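Data block below; observations after.
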Amino acid sequence: MRRRIYYIVPLLGLVAFAAGYAHWKTSRSPRVAVKGRAIYPWISQGGDGTRDAEDALRRGRHSLLVYGLLDDDATDYQAVLREDYGVTTTVIAGCVVDDDLLRYANAYNAVMRRDLQQRFGADIFKVAEAKAAARYVARHHAAAPE
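Residues 6 to 151 (our numbering) are what the sequence shown spells out, left to right.
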């Protein structure tokens, strides 16, 4: 009986490891294959940012796609856009962005920017940037030791 345990325990451990690895391997990748190429799952089948932005606008959703490292300035800018204009921002990637995703995001944002400028004025982004800068300065100036 004791000798069987020497075989069963490592075997169970190996099975548990294999099951965990299989689950991790299938769930960790944010990409899926569509039409023979990899795209991000939230991009529509054709990967057309213009069409997806127009669909979002028809549903009454105003959003911008952002990528890269976001600092406090960007966080304030996103907060101003959300609170003052109802524009949400969706982080779609970190600092590494492939050409397909960049093309998609630029097309999507171009449609959104054009609509937002028509709706709120051509200087919406300059005004939001100025408000965000003032917010940043006020927050960090108040927190600075004297």
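Note that CB positions come from ideal geometry on N, CA and C, so glycine has one too.
Since this is a predicted model, take the numbers as computed values, not measurements.
- In the assembly as shown, Tyr12 is an exposed residue. Its beta-carbon has fewer than 16 other beta-carbons within 10 Å.
- Nearest neighbour of His67 by Cα position, chosen from Pro15, Thr94, Gly126, turns out to be Thr94.
- When the Cα atoms are used, Leu107 and Leu19 turn out to be separated by approximately 42 Å.
- Around the CB of Gly54, 16 or more other CB atoms lie within 10 Å, so the residue is classed as buried.
- The stretch 97-111 makes no contact with the stretch 129-136: fewer than 3 CB pairs, one atom from each, lie closer than 8 Å.
- A distance below 6 Å between beta-carbons, with the five flanking residues on each side excluded, links Asp89 to no residue of its chain.
- Under a 10 Å Cβ-count criterion, Gln83 is classified as buried, with 16 or more other Cβ atoms of the shown protein chains found around its own Cβ.
- Rounded to the nearest angstrom, the gap between the Cα atoms of Ala21 and Pro15 is 10 Å.
- Going by beta carbons, Ala79 and Met117 fall outside the 8 Å limit.
- Fully enclosed alpha helix (DSSP H) runs of no fewer than 4 residues occupy 77-90, 104-125 of the stretch 68-146, in order along the chain.
- Asn114 sits away from Leu74, with the two beta carbons spaced by 8 Å or more.
- Residue environment: Asp128 is assigned as exposed (fewer than 16 neighbouring CB atoms within 10 Å of its CB, all protein chains considered).
- In this structure, Ala24 keeps its C-beta atom at 8 Å or more from the C-beta atom of Asp81.
- By the CB criterion at 8 Å, Tyr72 and Val102 fall inside the cutoff.
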